[in-house]
Each structure stands twice: as C-alpha cells, then as structure tokens.
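Residue numbers (the numbering used here): 5 to 169.
Cβ coordinates follow ideal geometry from the N, Cα and C atoms, glycine included.
Working notes, structure below.
If you want it as structure tokens, here you go:
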C-alpha cells in the first residue's frame, strides 16, 4: 500500500525501523491533521496508532516471498479487498478511526466524498513515499486507485448505528 511506501521512504531517510516510523507517523498525523479536522480519537485510534507499528516488523518476516505471477496477482487482489473490508468494519465499529483513516473521515465530515478523500490521500502518500525512496510498483498504484472506490460503498453498509431509545 502507499502508506508502506511512505513509511519505507521515511525509514530509509532517517535510519529508523519501519515499525517505529509507523508509530511516529501516526502520532504526527494526529497532531497535524486531526486537530484542524476536529476529529475525536477513540480506543480504535490509539490501538491502531500503536498496534500497527508493533506488528509490522513481525508480520513482514512471516509473509512469504512468492514467485508465481498468478499467485502474486491473487494475493494483491485479495489483499486490496481485505483491506477495504477491514477498513469499513473497524471504522464502522464507532471506536475511532486510525490516524491515517481519520484524515479521510474528517474530510468526509466536511463534504468530501469518501472515495475522493481516500484516493487523494493514497495517491499523495504514494508520490511522497516514492520521492523519499520507498518501493512503488504496479500493486502500490493499483491499491492507491482502488481502495477509495472500494471503501466508499462498504463504509455506510458496515457502520454501526446507535439504537434509538
């Protein structure tokens, strides 16, 4: 994903581990974007900011490198679909979006369509990551262009609404 290219590029530039960069990026995003967008952090926000960074290095060691092109394509498509579904489920839980997704929800609360906000964020982060030396490939570009249109219709369908009393 584009955020991985961004984190990788920053890690290459500053000499920190990618997990540390993920956590620091989450904190920076909370300060730089959440305050102006008036987003309220929740339990999901805090867990996302810390957990993703802690788990990243561990998971990177577990994921096998695959040579077969058909399997690589299947993993790419499956991964994009799972991220879209997972994003809609955890944001829809109402426990607070993560630092990166909070930019999207903050923009959506101000009238920007989720599809446009998410795609714009992903393309911007992809470009910055590439400029910083992060790896960008066809899959990264496909993710950036597909994730917004996939999350947009899922989010309202999977959002929990408080019960009327």
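(1) Measure the CB-CB distance between residue 60 and residue 139 and report whether it falls below 8 Å.
(2) Taking only the alpha-carbon atoms, compute the straight-line gap between residue 50 and residue 75 and give it to the nearest angstrom.
(3) Closer than 6 Å by C-beta to residue 129: which residues in its own chain qualify, once you throw out the five before and the five after it? Chain order, please.
(4) Are the Cβ atoms of residue 144 and residue 43 separated by less than 8 Å?
(5) Relative to the C-alpha of residue 161, which residue among 106, 102 and 96 is closest?
(6) Quick check on this structure: which residue in 102, 22 and 90 has the alpha carbon closest to the alpha carbon of residue 63?
(7) When you compare each of 89, 148, 28 and 135 to residue 126 by their alpha carbons, which one comes out closest?
(8) Would you mind reading off the limits of the alpha helix (DSSP H) that contains residue 6?
(9) Pick helix, strand or coil for residue 136, following the three-state DSSP scheme.
(10) Given residue 38, which residues of its chain have a CB within under 6 Å of its CB, disregarding the five upstream and five downstream residues?
The short version:
(1) The residue given as residue 60 occupies position 56 in the chain shown. The residue given as residue 139 occupies position 135 in the chain shown. Cβ distance not < 8 Å, so residue 60 and residue 139 don't count as in contact.
(2) Position 46 of the chain shown, counted from the first residue, corresponds to residue 50. Position 71 of the chain shown, counted from the first residue, corresponds to residue 75. Cα to Cα, residue 50 sits roughly 34 Å from residue 75.
(3) Looking up residue 129 in the chain shown gives position 125. In its chain, beyond the 5 residues on either side, 6, 7 and 10 have a beta carbon closer than 6 Å to the beta carbon of residue 129.
(4) Taking the first residue of the chain shown as 1, we reach residue 144 at position 140. Taking the first residue of the chain shown as 1, we reach residue 43 at position 39. Not closer than 8 Å, so no.
(5) Residue 161 sits at position 157 when you count from the first residue of the chain shown. When each option's Cα is compared against that of residue 161, the closest is 96.
(6) Stepping through the chain shown from its first residue, residue 63 is reached at position 59. Relative to the Cα of residue 63, the nearest Cα in the group 102, 22 and 90 belongs to 22.
(7) In the chain shown, the residue the question calls residue 126 occupies position 122. Of 89, 148, 28 and 135, the residue nearest in Cα terms is 148.
(8) As a working note, residue 6 is residue 2 in the chain shown. Residue 6 -> alpha helix (DSSP H) spans 6–18.
(9) As a position in the chain shown, residue 136 is number 132, starting the count at 1. Here residue 136 sits in coil by DSSP.
(10) For this step, residue 38 is matched to residue 34 along the chain shown. Contacts found: 106.
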